[in-house]
Each structure stands twice: as structure tokens, then as C-alpha cells.
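Following numbering that gives the first Met the number 0, the numbering of the sequence shown begins with 0 at its first residue and continues without gaps. The beta carbon of each residue, even a glycine, is placed where N, CA and C say it ideally should be.
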Amino acid sequence: MLSQKTRYTIRAFQHLADHWGKGQVQLADIADAQNIPPKFLTVILSEMAREGLLISQRGRDGGYQLALPPVDISYGDLVRLTRGSLALVPCAARNAHEHCKNCLPESECRMRSLMLKVRDDTAAILDRITLADPIEMQPLFETEAAE
């Protein structure tokens, strides 16, 4: 499951991609539009600027903008930079691998093999989709629509 940091990073970058070519976007505008706590967003955007994906400018007219065109930033890049895990079970995680409790040995576990495939296929999809690609909104689940 994606971490909160990864989800916030993706939303902030989507917002910046929407404003590509229009100059700096202030942190408060991103935080308000994307419902991200400003202090947490400050940390995220500072890290992404150090990674070279953002340009930050201080001062009254300062803010943030993408350092690369949206077409050059994939969702896979953002997940990896925030150390987000695509694994649905601990034994399929690349960076935070753990043996599953009450399970078969990994060499005999077909569930692990399936989850490795799901992880790798998900990563391949995220690597193909960039911030420039349109994301079609999906209908709500029936339970969400009723709320």
C-alpha cells in the first residue's frame, strides 16, 4: 500500500503539472487545493527539490515548479523517490522485505509468487504513465456514492 507521503507527493506533483509553464506555485496554494498539511508538504517539496525534480524560489513571488516537463516524470519515479511500497504483502516488498508470519517458506509459497507479479506489473504500469498523461476519473463505488 502506498504511504501517506507517497500519496501527498503524487497529488502535489499532479497540481504542479496542471500549472506547468505558468510560473511558480505557492506552497499554500498546493496545500489548500490538495488538502495536504503545509508542514508535511514543506518537507516533501524540499526533498523533491534536492532530488532535482522541483525548482524552488524563495521570497514574495516564490514558490515551486517542476524542473522537468510533466512528460519526463513518471508515477513510478515518484513512488520510488518516496520509498513507497507497491507490495501488498511484506514478503513481496523490495525495500522493506519481511517474512510473513504463519505462512509457508517463501520458496514454496504461491501467494508470494503471485504478489511479486502484481508488484512488478504495477511498477511497469506506473513507469509508463507520466504526469502529462490524462487520468480519467473513475465512478465512485456504490458505498461511496451513498455517503
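Residue i versus residue j - alpha carbon distance
i    : j    : result
Q56  : I35  : 20 Å
C102 : V88  : 11 Å
Q33  : R10  : 6 Å
P69  : L125 : 14 Å
A123 : T8   : 19 Å
S106 : I54  : 46 Å
T142 : L52  : 38 Å
R6   : D28  : 17 Å
K100 : L113 : 17 Å
A92  : V42  : 25 Å
P104 : F140 : 37 Å
Residue i versus the options, residue with shortest Cα-Cα distance
i   : options                 : result
L1  : I29, A32, L67 and G83   : G83
A86 : C102, L115, L67 and A66 : L115
K38 : K4, D17 and L53         : K4
D17 : L65, V42 and L52        : L65
For residue j and residue i, believed in contact at Cβ under 8 Å, the rounded distance
i   : j    : result
C90 : R111 : 5 Å
A30 : L15  : About 12 Å; that fails the 8 Å criterion.
Beta-carbon gap between residue i and residue j smaller than 8 Å
i   : j   : result
L26 : E50 : no
F12 : L67 : no
Counting beta carbon pairs with one atom in the stretch 135-142 and one in the stretch 9-24, are three or more of them shorter than 8 Å?
no
When the Cβ atoms of the stretch 88-101 are set against those of the stretch 46-62, are three or more pairs found closer than 8 Å?
no
Are three or more beta carbon pairs between the stretch 52-68 and the stretch 110-124 nearer than 8 Å?
no
Validate contact between the stretch 70-78 and the stretch 124-131 using beta carbons, cut 8 Å, 3 pairs:
yes
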